[in-house]
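In UniProt numbering, the protein residues as written are 1 to 375.
Set out below in structure tokens:
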């Protein structure tokens with residue numbers, strides 16, 4: 001009896017210590033997340049958030065700079081119907097000696113009946129050329145530098161429930177230099193090897209039923225676009241490009257979301273090598289160098305599984321497959337390139353804007369750090 005009493009007494013002490021230890025660890029975790037939230041609140045004003053810009057990808061290496069971002073509702077509309085608009089302004093310098101300035105307005109107005117998107121970019125961008133085709137000529141690629149200015153503007157009007165339609169304009173001018181003497185780019189001289197000036201008009205149609213533009217948990221986000229570049233618009237190349245982008249979001253359980261994407265690009269006419277269809281990079285086929293695989297046509301299929309972990313912290317797991325081809329008839333199961341990986345997310349605001357860190361595996365292991373979701 002005495003033994004049982006001592007046993008229960010000791011068990012009670014150990015249990016109390018275990019609860020105290022668990023509470024202590026929980027307290028530490030809460031303190032860390034409270035500190036993170038305090039930092040976000042400190043750098044985020046009522047209108048602008050000014051944050052250090054840190055990016056990483058195989059294409060840029062480590063990039064450092066500054067980013068100002070404003071998340072707002074047009075004309076201070078306080079209703080929950082109107083989607084948030086965004087205006088980021090970013091300046092970066094990377095360890096690959098790339099200088100990048102970008103700003104992009106994403107504007108929703110008139111109870112989401114009007115949508116405007118405009119982007120402007122200036123870059124001095126050392127890059128790599130691997131050749132054209134699903135089996136590149138160069139394993140490591142050869143370096144060249146492109147200095148370019150880019151602008152696009154598209155306006156879409158809601159014409160039915162979830163359906164948007166409108167015009168789009170694109171302009172880009174490149175000065176290509178620092179080509180490797182006697183290299184593949186100089187010897188094969190693909191269209192645009194010495195630069196390009198592109199000016200084109202097109203049309204964009206969308207079907208968008210997402211419940212949240214930053215962190216959708218259900219709905220569709222599909223787009224079909226056509227762009228025509230022609231000399232009468234000021235372009236020195238004449239070609240057309242068609243893109244189909246299908247995205248579906250499924251709320252599986254307990255705020256866990258499956259996002260699926262099927263993306264297709266088709267190019268006709270005389271397109272410069274920098275503007276034909278390509279795969280790779282942080283948006284399509286993480287784990288593959290952007291532009292390592294490029295040709296007239298391309299397809300990429302991606303899926304992501306997103307799950308919350310604790311408070312503003314979450315994780316994703318993703319996989320993808322893609323290929324490029326000279327003609328649509330060449331698309332084949334045997335030509336697919338595959339990859340996948342996982343990542344971490346930290347939610348910056350109540351609208352769902354995320355910081356993301358992804359670790360991907362394709363034909364190389366790659367790390368990506370930036371804002372917003374890929375799909």
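C-beta: ideal position from N, C-alpha, C; glycine also.
{"Check": "Classification of residue 47 by the beta-carbon crowding that lies within 10 angstroms, buried from 16 upward", "Outcome": "exposed"}
{"Check": "Buried versus exposed, by CB contacts within 10 Å (16 or more), residue 206", "Outcome": "buried"}
{"Check": "Straight-line gap, residue 61 to residue 285 (C-alpha atoms, nearest Å)", "Outcome": "17 angstroms"}
{"Check": "Of the listed residues 312, 75, 272 and 90, nearest to residue 384 (C-alpha basis)", "Outcome": "Absent from the structure is residue 384, since the part of the chain shown begins at 1 and ends at 375."}
{"Check": "Helix, strand or coil at residue 76 according to DSSP, with G and I counted as helix", "Outcome": "helix"}
{"Check": "Whole-angstrom C-beta distance between residue 126 and residue 145, which should lie under 8 angstroms", "Outcome": "5 angstroms"}
{"Check": "Reduced DSSP secondary structure (H/G/I, E/B, other) of residue 152", "Outcome": "strand"}
{"Check": "Start-to-end residues for the alpha helix (DSSP H) that takes in residue 184", "Outcome": "184–188"}
{"Check": "Distance, residue 64 Cα to residue 97 Cα", "Outcome": "11 angstroms"}
{"Check": "Span of the beta strand (DSSP E) around residue 336", "Outcome": "Per DSSP, residue 336 belongs to no beta strand (DSSP E) and is neither H nor E."}
{"Check": "Bridge partners - residue 304, DSSP secondary structure assignment", "Outcome": "259 and 318"}
{"Check": "Where residue 297 falls: helix, strand or coil (DSSP)", "Outcome": "strand"}
{"Check": "Exposure label - residue 221; buried when at least 16 CB within 10 Å", "Outcome": "buried"}
{"Check": "Boundaries (first-last residue) of the beta strand (DSSP E) holding residue 90", "Outcome": "85–94"}
{"Check": "Closest residue to residue 335 among 299, 115, 168 and 87 (Cα-Cα distance)", "Outcome": "299"}
{"Check": "Residue of 86, 301, 204 and 70 minimising C-alpha distance to residue 263", "Outcome": "301"}
{"Check": "Residue 233 - DSSP class collapsed to helix/strand/coil", "Outcome": "helix"}
{"Check": "Helix, strand or coil at residue 274 [DSSP, three-state]", "Outcome": "helix"}
{"Check": "Enclosing beta strand (DSSP E) for residue 161 [first to last residue]", "Outcome": "Careful: residue 161 lies outside any beta strand (DSSP E) and carries neither H nor E."}
{"Check": "With 16 other Cβ atoms within 10 Å as the buried cut-off, status of residue 267", "Outcome": "buried"}
{"Check": "Residue 49 vs residue 71 beta-carbon contact at 9 angstroms", "Outcome": "yes"}
{"Check": "Sheet register partners of residue 264 (DSSP bridge)", "Outcome": "244 and 299"}
{"Check": "7 angstroms Cβ shell around residue 156 - same chain, five flanking residues per side excluded", "Outcome": "115, 164, 165, 166, 204 and 206"}
{"Check": "Residue range of the beta strand (DSSP E) that includes residue 289", "Outcome": "Per DSSP, residue 289 belongs to no beta strand (DSSP E) and is neither H nor E."}
{"Check": "From 91, 108 and 332, residue whose alpha carbon lies closest to that of residue 67", "Outcome": "91"}
{"Check": "Neighbour-count burial assignment, residue 310, 16 or more Cβ in a 10 Å radius", "Outcome": "exposed"}
{"Check": "Close-in-space but distant-in-sequence residues of the same chain around residue 130 (CB under 6 angstroms, 5 per side omitted)", "Outcome": "136, 138, 141 and 292"}
{"Check": "Cut-off 8 angstroms between Cβ atoms - residues of its own chain near residue 372, not counting five sequence neighbours on either side", "Outcome": "214, 353, 354 and 356"}
{"Check": "Proximity to residue 252 [Cα-Cα], best of 217, 110, 231 and 233", "Outcome": "217"}
{"Check": "Residue 329 burial status per 10 Å Cβ neighbour count (16 or more: buried)", "Outcome": "exposed"}
{"Check": "Cα-Cα separation between residue 93 and residue 160, rounded to whole angstroms", "Outcome": "43 angstroms"}
{"Check": "Coarse secondary structure for residue 170, derived from DSSP in three states", "Outcome": "strand"}
{"Check": "Cβ-Cβ distance between residue 200 and residue 229 below 9 angstroms", "Outcome": "yes"}
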